[in-house]
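Report on the following structure.
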Amino acid sequence: MSADLLAFFRARLDEDEAEARTVRWDGSNNRLDWHLPASATVDVGDDEFYTGDRTVAAHIARHDPARVLLEVEAKRRVLRAHDKWCEGRCEAKYPEGGFDAAHYWSIKSLAAVYADHPDYDESWRP
Numbered sequence: 683m684s685a686d687l688l689a690f691f692r693a694r695l696d697e698d699e700a701e702a703r704t705v706r707w708d709g710s711n712n713r714l715d716w717h718l719p720a721s722a723t724v725d726v727g728d729d730e731f732y733t734g735d736r737t738v739a740a741h742i743a744r745h746d747p748a749r750v751l752l753e754v755e756a757k758r759r760v761l762r763a764h765d766k767w768c769e770g771r772c773e774a775k776y777p778e779g780g781f782d783a784a785h786y787w788s789i790k791s792l793a794a795v796y797a798d799h800p801d802y803d804e805s806w807r808p
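FYI, in my numbering the residues of the sequence shown are 683 to 808.
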């Protein structure tokens with residue numbers, strides 16, 4: 683697998699993690715509860731943020747920083763599995779396909795979420 687793709691994907695996960703950690707934490711590293719009351723408002727701790735649209739508020743509440751951190755860690759677990767099983771050479775180890783090729787395509791698919799990033803290489807697209 684392309685070392686550039688792996689580095690790109692890890693960098694985007696690092697950015698996602700850093701951004702999530704800067705958003706609405708209470709200073710003690712405890713997350714604030716994000717929830718959606720019966721309006722177009724997202725409650726974060728003791729603060730309310732009005733969005734003007736319940737569907738937008740629901741989307742924001744659903745993708746709170748705690749969830750982003752869980753998703754980043756899940757993707758890092760996939761990367762660790764890739765590192766363990768593919769040894770950085772998925773397509774060379776089993777060019778006809780199989781388990782290692784599945785890891786290769788999994789990484790390409792997960793990284794494609796960041797296709798709008800200026801450093802994304804179209805050759806990585808699954």
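The beta carbon of each residue, even a glycine, is placed where N, CA and C say it ideally should be.
Discussion item. Rounding to the nearest angstrom, what Cα-Cα distance links residue 799 and residue 728 in this structure?
Written reply: 34 Å
Worksheet item: In the structure shown, what three-state DSSP assignment does residue 802 receive?
Response: coil
Item to complete: Could you tell me how far apart the beta carbons of residue 796 and residue 692 are, in whole angstroms, since I believe they sit closer than 8 Å?
Response: Not really, about 11 Å apart at Cβ, beyond 8 Å.
Practice prompt. Could you give the DSSP three-state label for residue 705: helix, strand or coil?
Written response: coil
Item to complete: Could you tell me whether the Cβ atoms of residue 751 and residue 702 are closer together than 9 Å?
Response: yes
Worksheet entry | Simplified DSSP assignment, three categories, for residue 733 | coil
Item to complete: May I ask which residues mark the beginning and end of the alpha helix (DSSP H) holding residue 765?
Response: 747-768
Practice prompt. For the beta strand (DSSP E) holding residue 724, just list the boundary residues, first then last.
Written response: 723-726
Item to complete: Could you check how far apart the C-beta atoms of residue 690 and residue 793 are, in whole angstroms? I think they sit under 8 Å.
Response: 6 Å
Item to complete: Work out the CA separation of residue 791 and residue 768 for me, nearest whole Å.
Response: 16 Å
Discussion item. I need the straight-line Cα distance from residue 741 to residue 749, nearest angstrom please.
Written reply: 12 Å
Item to complete: Tell me whether residue 744 sits in a helix, a strand or coil according to DSSP, three-state version.
Response: helix
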